[in-house]
Amino acid sequence: MNLDARIPDGPLEQKWENRKFEQKLVSPANKRKYKVLVVGSGLAGASAAASMAELGYQVECFCFQDSPRRAHSIAAQGGINAAKNYRNDGDSIQRLFYDTVKGGDFRAREANVYRLAQLSVNIIDQAVAAGVPFAREYGGLLDNRSFGGAQVSRTFYARGQTGQQLLLGAYAALSRQIGLKTVKMFPRTEMLDLVLVDGHAKGIVVRDLETGEIRSHAADAVVLATGGYGPVFYLSTNAKGCNVTATWRAHKRGAGFANPCYTQIHPTCIPVSGDHQSKLTLMSESLRNDGRIWVPMKPSDKRKPADIPDAERDYYLERKYPSYGNLAPRDIASRAAMTVCEEGRGIGDTGLGVFLDFRDSIQRVGKQAIAAKYGNLFHMYAKITAEDPYAQPMRIFPAVHYTMGGLWVDYDLQSNVPGLFVLGEANFSDHGSNRLGASALMQGLADGYFVIPYTIGGYLAGQKAGAIKPDHPEFGKIAAGVRDMTKRLLAINGKRTVDDFHKALGKIMWSKCGMSRNEKGLNEALREIPALRAEFWQDVKVVGSEMTMNQSLERAGRVADFLEFGELLCRDALERRESCGGHFREEWQDGGEAKRDDVNFCHVAVWEHRGEGQPPVRHQEPLAFDNVHLAVRSYK
Amino acid sequence: MRISLHIWRQSKKSTKANFKQDGKMVRYQLDHVSPDMSFLEMLDVLNEQLTKKGEEPVAFDHDCREGVCGSCGVMIDGEAHGPESGTTTCQLHMRSFRDGAEIWVEPWRAAAFPVVKDLVVDRSAFDRVVQSGAFISVNTGAPQDANAIPVPKADADRAFDAATCIGCGACVAACKNASAMLFVGAKVSHFLHLPQGRVEREQRARHLVAAMDQEGFGNCTNQNECEAACPKEIPVRVIAEMNREFVRAKVRQEPVSSKRVGGDG
């Protein structure tokens, strides 16, 4: 497996300039001869499709939702980072770069992160020009707030719905191109396989979710922007439709899967209320600007929060991490919450919860000021829990939120399969083993607006335009395989529902490969998952037919992939014998803090699929740190 | 809780306005509904039961389940997104109903939103309206510094209020004329209150209104049902703004100059 990251020469701050200059170009007259497929229409996909179409390429864009505007980027609440230094508080590209590398626990590629920090500045300019209504101050200039893992205010926001506003900005740009007929949009269409011709990605096979038709689309390059794999845990803050299918099936066609065990557990979500729970709702990290997290000092203290005096409250983040306090990074805040719950100090009926309390802020700045900043989040919390967060503290608990792992890509965001590019959460590249808050939107848009439009040309310039057509025999072969799988799923007619299997998988993943992991549990999971998968293929019940809209069938295909992928995730967690960021192995810790092993694990783990029944092979891309010092990550 | 549901079942996509022949209401009973369930989680429970019995589950659109993607949306007892104000169907909880309730669940009804299956409708008309002009025509590139365009806070807030639209279609479903003017007005208003959006205001107003009419949405007769149904509580002032912008664009529509502009290079 070729894992050359192709990092450009030169000093860190010159690398991207150098790559842009040395890259081959496609002339404006030739661009229209090339076709690019973009799968996914979130921040990365929509911005990529629009930007490439503006350059003149023919673009086809696919999403499984009924409209590209509904991709799950829309649910991002808190904000987007950019090193604008509008606050005059000492921010810079260098500082955003350093914070991100450190936040990722020194497991990301320096050159990629530096480019991300450089591009962060352009994203804000682009979004404002496109009409994204960011929060403003009375002077008319943009407002900022703080997010975890940073000591500067560099987060731009749009109340508690920054993702929505940024996605609608990218969707507007995409819509404009659809109207100009430079992008052909295929909503309610799911990618079910990748087609390689002579080792290059040249198309995809999709299912039309409205009619059930299986179709082939040929092109000169394929861009995957299909998001993360959080729902492998069943319960997560992801949308119900989020899935690993596109990336997993590309992996089975040869694309390396990097660091699948890097999953992010977000510290502030609304706790589970019962077995019927279908998803978990995030309460934005931005709330930690004004909310204070605490539990009672004494175990099993069932008094009402208002009746517990300050002296008997443990503001444990402020106590343990005085310099970052409630804005400690997500992985650290989540583990700290888990620790106090394990000590029996958790709150609520289940004991799995901590308080996020706005009492002091409301006293300080008034209820109105808090409502102006977080109104929609408080409203959402009240709707779900039937409790008033202005009057009593929120109850929160960690939940699966984001996945740092993904398909391996080089500096140009190209996977090891030539012609297959991967953007946004679907790739692995920029966040190391823990993503800082407000960095996902930044990465999705940097990849889509400002990286792929340049790097795709470097690949296409070496390809003959339009050489492959959908009547190429490889498409027929792969489409037949997709039809077979659909028929198999419908033919089983067993006793258990798809959701039943999904929940069972989620239970294994959360209890054995969740917030903390150990060798014994991971080995158990590696026995239980294949057994569950075998049962799935014998006993799942999918009702309905294939040539119509069939939502159970859609879910069955996705769960079938999660049942394979979950095993790889656990295997990666087992083999990474260190703790770093979101990957916490109980055997490697230092007083409850993650203990890295830089001698043996300062590398990206990249998995190669070897076919059914064959164990996957683990490859390594070594990580070099020439510009930051590999330090123990401290927020104390 | 014990809940009886009457749900619209339809297996094939509607063609024209013959929806009454395409499907029918079917009654289902659920005996153990928790008041903490969301409305969609209650439908999940129903679908699990139906699947186990070998019956086809009820198709419905949903995704984020936190009130922001705009996928979900059904008529519940004749109200778009159900009885709570400012709420999407996914954020409506069963505690809003009484034990023993009989609930009637139907898809959005509008000529411009054909029913695809059961509770799923085709809202691509909204996308086509947006494609006709609900954007600022800037390419990706190197625009001026973000703070070079100051926006008075009050204007930014007005733009923001309109931009919170999630495109669910409740406004159309709630309107007796199946008008999309709250949706389209929200697009107009969002860009109207931003300096960078004013450059194209006239053609935007003309194009959006034309596209809206072409898709078969009705006209506004000032009943304000849309505002009441909107889960994001978008105010009807955006309709007034759209009307004003449309009239303004008509008045300012000048004949195209007969002189050639610019050279042949």
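First to last, the sequence lines map onto chains U and X. For the first sequence, numbering that gives the first Met the number 0 gives the first residue as 0, with consecutive numbering after it. For the second sequence, numbering that gives the first Met the number 0 gives the first residue as 0, with consecutive numbering after it. The beta carbon of each residue, even a glycine, is placed where N, CA and C say it ideally should be.
By the neighbour-count definition (other C-beta atoms within 10 Å, threshold 16), X:Q213 is an exposed residue.
Just measuring C-alpha positions, the residue of U:Y156, U:E59, U:Q413, U:G41 sitting nearest U:Y373 is U:Y156. Distance check between X:V73 and each of X:R8, X:H31, X:G132, X:A145 places X:R8 closest, using alpha-carbon atoms only.
Listed along the chain, the chain U residues whose CB falls inside 8 Å of the CB of X:E244 amount to none; the nearest CB is some 15 Å away. Per the C-alpha coordinates, the member of U:M484, U:D289, U:C260 positioned closest to U:E577 is U:C260. Below 8 Å, enough C-beta pairs join the segment 536-553 of chain U and the segment 47-61 of chain X to call them touching: three or more. Ranked by Cα distance from U:V204, the first of U:S26, U:L531, U:T244 is U:T244. U:E59 is positioned such that its CB atom lies no closer than 8 Å to that of X:T139.
At a beta-carbon threshold of 7 Å, the residues of chain U lying near X:N138 are E53, ordered along the chain. Burial state of X:T220 is exposed, judged by a 10 Å Cβ sphere holding fewer than 16 other Cβ atoms.
Note that the C-beta distance between U:F396 and U:P388 is not below 8 Å. Counting along the chain, U:M190 sits inside the beta strand (DSSP E) bounded by residues 188-196. With a threshold of 8 Å between beta carbons, U:I123 makes contact with chain X.
Per the coordinates, the alpha-carbon of U:A70 lies some 10 Å from the alpha-carbon of X:S70.
The alpha-carbon of U:G324 is positioned some 9 Å away from that of U:R291. Secondary structure note for U:P621: its beta strand (DSSP E) is the uninterrupted segment 616-621. Taking a 10 Å sphere around the C-beta of X:R247, we find fewer than 16 other C-beta atoms and assign the residue as exposed. Rounded to whole angstroms, the gap between the alpha carbons of U:F185 and U:D300 is 55 Å.
The beta carbon of U:S428 sits no closer than 8 Å to any beta carbon of chain X. In summary, U:P266 is buried, with 16 or more beta-carbon neighbours lying within 10 Å of its beta-carbon over all protein chains present.
Taking 8 Å as the upper bound on Cβ-Cβ separation, chain X lies near residues S272, G273, H275, Q276, S277, K278, T280, L281 of the segment 267-287 of chain U. Just so you know, the alpha carbons of U:I92 and U:S428 end up roughly 18 Å apart. Straight through space, the alpha carbons of U:R394 and U:I346 are spaced by roughly 8 Å. For X:M180, the uninterrupted alpha helix (DSSP H) segment begins and ends at 180-191.
Taking a C-beta distance under 8 Å as the contact criterion, U:A75 and U:T161 qualify as a contact pair. Only residues of its own chain outside the window of five on either side were considered, and among them P7, A110 have a CB closer than 6 Å to the CB of U:K14, listed in chain order. If you draw a straight line from the Cα of X:S131 to the Cα of U:E534, it comes to about 50 Å. Using a Cβ-Cβ cut-off of 8 Å, U:K511 does not count as an interface residue toward chain X, since no Cβ of chain X sits closer than that to its own. Under the three-state reduction of DSSP, U:L521 is assigned to helix. Interface residue (Cβ-Cβ distance to chain X less than 8 Å): U:T338 is not classified as such.
With respect to the C-alpha of X:F112, the residue from X:A177, X:N223, X:G85 having the closest C-alpha is X:A177.
Across the segment 190-222 of chain U, CB contacts with chain X closer than 7 Å involve E209, in sequence order along the chain.
A straight-line Cα-Cα distance of about 46 Å links U:N258 and X:I2. The segment 86-93 of chain X makes contact with the segment 26-40 of chain X, as at least three CB pairs between them are under 8 Å. Scanning the segment 137-211 of chain U for uninterrupted alpha helix (DSSP H) segments of 4 residues or longer gives 161-178, listed from N- to C-terminal end.
Residue pairing by DSSP puts X:M24 in a beta bridge opposite X:W7.
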